[in-house]
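K.L.:
Below you will find the structure I want to go over with you.
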Amino acid sequence: MPPRRFFSWLTGWLFLWLPLAVSGEGAPLPLNAGKIRRAKEAEQQALRNKDSLQLAEAYYLYGKAYTFAGDHTLSHRYFLRALAILEPRGDSYELGRLYCRLAEYPVYLKNSHEMQYARMATDVFKRIGSLTGLTTSYSLLGQGYEKEAREKGNKAFADSALSYFAAVEKIGIRLKDTAAIAQANLLFAEFYGNSNPRCIPYLEKALTLFSAKENRRPVVNTMIILGDAYCVAGQLQRGYALLMRAKQLCEEKGMDDYQLALTLDGALVRYYEKAGMWKEAFAYHKRLSLNEKARFVRERDGAFLRLQTEYETGKKEALVKAQKRELGLNRKLMKVQRDVIVSVAMLFVLAVGVSILFFRLSRKNHRMSEKNGQLVKEQNHRLKNNLQMISSLLNLQARALSDTDARKAVQESRLRVQSMAIIQRALYDNTRPEHVDLSVFIPELTEGVLFACGYADARQVYEVAPVLLDADRITSLGFLLTELVMNACKYAFPDNPEPVLTVNCLETEGMIRFTVADNGPGFEGLKAGRETGSFGMRLVELQVNQLYGTHRFTRDKGTVFTLEFKK
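Per this note's numbering, the very first residue in the sequence shown carries number 433; after that it's consecutive.
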């Protein structure tokens with residue numbers, strides 16, 4: 433019987449094997465080391481580059497290598513791995529080529545032709561406009577209909593097969609592609625079968641076209657088929673000459689293809705039977721039977737692997753539905769993309785004009801922003817100078833007063849003004865004026881107040897988390913800290929040989945806990961068990977209300993002020 437399938441030259445449908453010397457053994461032929469090495473190098477490079485498309489190509493090369501070796505179960509597994517990468521990316525020539533490989537898979541198992549994958553490949557090639565790809569998918573569809581026609585005797589299927597083969601030839605003529613034209617002639621020859629003399633002219637034409645392009649592998653394959661047809665037609669001498677020439681080319685060129693080896697063995701069996709050379713016929717028949725048996729064993733042993741592959745890739749029905757949904761979504765996405773491109777093209781001229789206008793406005797705004805920035809810096813600088821001037825005036829006024837209480841009140845006001853200056857510097861000298869880091873702000877303000885009160889040598893203990901507060905709340909917290917430090921200087925540090933001030937500010941579950949403690953005896957109101965109603969305490973309560981917090985004064989080896997508020 434002639435080979436049952438011919439595959440497109442573009443997708444590697446003509447597979448070649450090891451030299452075909454006659455031997456009594458039919459063990460599986462080894463892998464082509466060069467093909468496996470190229471696939472492995474491509475895989476390693478893809479992993480280094482983290483390139484999924486390159487990894488898919490490496491899996492495709494592995495699949496081709498194992499197909500050449502006749503291990504179709506393992507090749508199918510690699511093709512499915514490549515499919516898992518390529519399908520989510522949408523239409524491409526590589527995806528259509530992979531669908532064609534999957535459509536060929538049942539042929540090797542002598543199972544039904546996978547028409548579904550062939551149709552999916554055809555849809556992809558049509559959408560991307562690949563005529564060369566269509567020659568492959570049309571060939572597979574025609575072969576599928578031909579098989580249905582032979583099995584069911586349906587003339588409509590036979591007509592469909594011939595129409596697809598004619599479409600392959602038409603595309604080849606349009607592209608001036610002699611390989612595609614030769615492929616169409618091989619398909620017509622297969623349709624008529626080697627027992628029909630009508631196949632011989634098609635095969636002779638295909639051989640001429642392949643030979644003109646020096647396509648070595650297709651030439652060898654066509655020689656085997658034509659030689660077999662000559663033998664069936666009774667032209668044994670011509671047939672034997674072609675078969676021997678094909679065998680010689682395989683040995684000279686080191687071609688290695690499991691399927692082609694089986695085809696040549698089968699043709700030689702038929703030749704020797706017709707020539708009455710029963711010993712040679714038996715030797716080739718034994719070799720052919722052992723190779724077929726070896727393939728059957730590999731396919732049987734690979735059954736579990738196929739089931740595992742199906743489990744990993746999902747059930748076939750679900751996969752097909754997902755593919756159809758994905759194809760539909762891709763088509764919709766492409767339509768949306770086309771609409772967007774048209775809209776962008778229509779608005780392009782307008783966008784250019786508007787962009788020029790905005791560019792000019794942005795330059796103007798940039799100049800205004802720079803000017804405003806300079807004004808803000810100047811304003812902040814003057815504000816700091818004014819605050820410093822007010823502090824100096826209050827200091828002069830305090831020195832001029834003879835009344836102790838009045839001088840004390842003016843000095844406290846001066847300290848508050850200095851605190852405002854420190855807060856101003858913390859806000860506007862910062863790279864982010866909208867927020868201030870408490871871990872920087874609190875020690876700076878505390879040291880400034882202690883220095884102004886004459887207690888710069890007092891020991892200071894800080895435990896402040898790097899919490900960011902906005903400008904409004906940092907102002908309230910600054911005034912509050914100023915009053916508390918001033919109270920410590922007034923009531924805790926006089927007559928204290930080792931004054932200590934402790935300031936903690938920690939964040940827990942969105943709440944900020946702020947604590948100021950000294951090691952003094954405490955002010956009079958707290959000694960009496962109540963907080964005084966002085967101006968300073970009213971100012972403390974006012975700032976606590978501004979922060980929407982709760983506070984309390986306690987005594988623990990000194991006065992402890994605790995405030996809690998939300999961040």
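Beta carbons are placed, not taken as given, at the ideal position from N, Cα and C, and that holds for glycine.
Which same chain residues end up closer than 8 angstroms to residue 914 when comparing Cβ atoms and leaving out the 5 residues on each side of it in sequence?
P.N.:
Within the same chain, residue 914 has close Cβ partners 847, 848, 851, 877, 881.
K.L.:
Quick one, which of 508, 835, 916, 824 has its alpha-carbon nearest residue 972's?
P.N.:
Selected option, being the one with the closest Cα: 916.
K.L.:
Suppose you measure from the CA of residue 580 to the CA of residue 590; what does that come to, to the nearest Å?
P.N.:
Spanning the two alpha carbons is a distance of roughly 8 angstroms.
K.L.:
Can you find the residues in the same chain that come closer than 7 angstroms, C-beta to C-beta, to residue 605, ignoring five residues on each side of it along the sequence?
P.N.:
The answer, listed in chain order, is 613.
K.L.:
Go ahead and pull the three-state DSSP assignment for residue 995.
P.N.:
Strand, per DSSP.
K.L.:
Can you list, in chain order, the residues of its chain whose CB lies under 6 angstroms from that of residue 885, leaving out five sequence neighbours each side?
P.N.:
Correct list, in chain order: 921.
K.L.:
Between residue 907 and residue 968, what straight-line distance do the alpha-carbon atoms span, to the nearest angstrom?
P.N.:
Distance between the alpha carbons of residue 907 and residue 968: 16 angstroms.
K.L.:
Any idea which residues DSSP pairs residue 949 with across the strands?
P.N.:
Answer is 934, 992, bridged to residue 949.
K.L.:
Which complete alpha helix (DSSP H) runs does the stretch 486-520 hold, if anything under 4 residues is left out?
P.N.:
Here the runs fully enclosed are 504-518.
K.L.:
My output table needs one value for residue 984: the three-state DSSP class, helix, strand or coil.
P.N.:
In this structure, residue 984 counts as strand in the three-state DSSP scheme.
K.L.:
Using only the alpha-carbon positions, how far apart do residue 626 and residue 663 sit?
P.N.:
Straight-line Cα distance between these residues: approximately 9 angstroms.
K.L.:
Straight-line CA distance for residue 633 to residue 602?
P.N.:
Taking the straight line from one Cα to the other gives about 18 angstroms.
K.L.:
Rank 522, 722, 818, 693 by C-alpha distance to the C-alpha of residue 763 and give the top, closest one.
P.N.:
The candidate whose alpha carbon is nearest that of residue 763 is 522.
K.L.:
Short of 6 angstroms in beta carbon distance, which residues of its chain neighbour residue 507, apart from the five on each side in sequence? Order them along the chain.
P.N.:
Closer than 6 angstroms at Cβ, skipping near neighbours: 495, 498, 499.
K.L.:
On the CB-based measure, 16 or more other CB atoms within 10 Å of its CB, does residue 679 come out buried or exposed?
P.N.:
Buried: at least 16 other Cβ atoms inside 10 Å.
K.L.:
So, with DSSP's three-state summary, where would you put residue 541?
P.N.:
Any reading at residue 541 is ruled out, since the residue's pLDDT is 47, under 50, leaving its predicted position unreliable.
K.L.:
Could you check where the alpha helix (DSSP H) with residue 591 kicks off and where it finishes?
P.N.:
Segment 587-607, the alpha helix (DSSP H) holding residue 591.
K.L.:
Could you check the C-alpha separation between residue 568 and residue 556 for me, to the nearest Å?
P.N.:
In a straight line, the C-alpha of residue 568 is about 12 angstroms away from that of residue 556.
K.L.:
Considering residue 895, what are the terminal residues of the beta strand (DSSP E) in which it resides?
P.N.:
Segment 891-896, the beta strand (DSSP E) holding residue 895.
K.L.:
What is the rounded straight-line gap between the Cα of residue 980 and the Cα of residue 946?
P.N.:
Distance between the alpha carbons of residue 980 and residue 946: 13 angstroms.
K.L.:
Does DSSP classify residue 556 as helix, strand or coil?
P.N.:
Residue 556: helix per DSSP, three-state reduction.
K.L.:
How far does the beta strand (DSSP E) with residue 868 in it reach, from first residue to last?
P.N.:
867-869 is the span of the beta strand (DSSP E), which, as asked, contains residue 868.
K.L.:
Express the C-alpha separation of residue 510 and residue 549 in angstroms, rounding to a whole number.
P.N.:
Rounded to whole angstroms, residue 549 to residue 510 spans 16 angstroms at the Cα level.
K.L.:
Between which two residues does the alpha helix (DSSP H) holding residue 912 run?
P.N.:
Per DSSP, residue 912 belongs to the alpha helix (DSSP H) from 903-919.
K.L.:
Would the beta-carbon of residue 518 fall within 8 angstroms of that of residue 530?
P.N.:
Yes, Cβ-Cβ distance for residue 518 and residue 530 is below 8 angstroms.
K.L.:
In or out: residue 890 buried (at least 16 other Cβ within 10 Å) or exposed?
P.N.:
Residue 890 is buried by the Cβ-count criterion.
K.L.:
Out of 883, 888, 853, 895, state which residue places its alpha-carbon closest to the alpha-carbon of residue 870.
P.N.:
The residue with the shortest Cα to Cα distance from residue 870 is 895.
K.L.:
Would you mind giving the Cβ-Cβ distance between residue 912 and residue 975, rounded to the nearest angstrom? I have them listed as a contact below 8 angstroms.
P.N.:
Confirmed, Cβ separation roughly 4 angstroms.
K.L.:
Enumerate in chain order the residues of its own chain whose CB-to-CB distance from residue 631 is below 6 angstroms, with the five nearest sequence positions on each side excluded.
P.N.:
Excluding sequence neighbours, residue 631 sits near 621, 624, 661.
K.L.:
Start and end of the alpha helix (DSSP H) containing residue 570?
P.N.:
563-584 is the extent of the alpha helix (DSSP H) around residue 570.
K.L.:
Note down, in chain order, each residue of its chain lying with its Cβ closer than 8 angstroms to the Cβ of residue 943, except the 5 sequence neighbours on either side.
P.N.:
Correct list, in chain order: 996, 997, 998, 999.
K.L.:
Near residue 488, which residues of its chain fall below 6 angstroms by C-beta distance, leaving aside the five closest residues on each side in sequence?
P.N.:
Answer for residue 488: 514, 517, 518, listed in chain order.
K.L.:
Which of the three DSSP states is assigned to residue 979 in this structure?
P.N.:
Of the three classes helix, strand and coil, the one that applies to residue 979 here is coil, per DSSP.
K.L.:
By the three-class DSSP mapping on this structure, what secondary structure does residue 846 have?
P.N.:
Helix.
K.L.:
With 16 other CB atoms within 10 Å as the buried threshold, where does residue 854 fall?
P.N.:
Buried: at least 16 other Cβ atoms inside 10 Å.
K.L.:
To the nearest angstrom, report how far apart residue 571 and residue 617 are at their CA atoms.
P.N.:
If you take the alpha carbons of residue 571 and residue 617, they lie about 11 angstroms apart.
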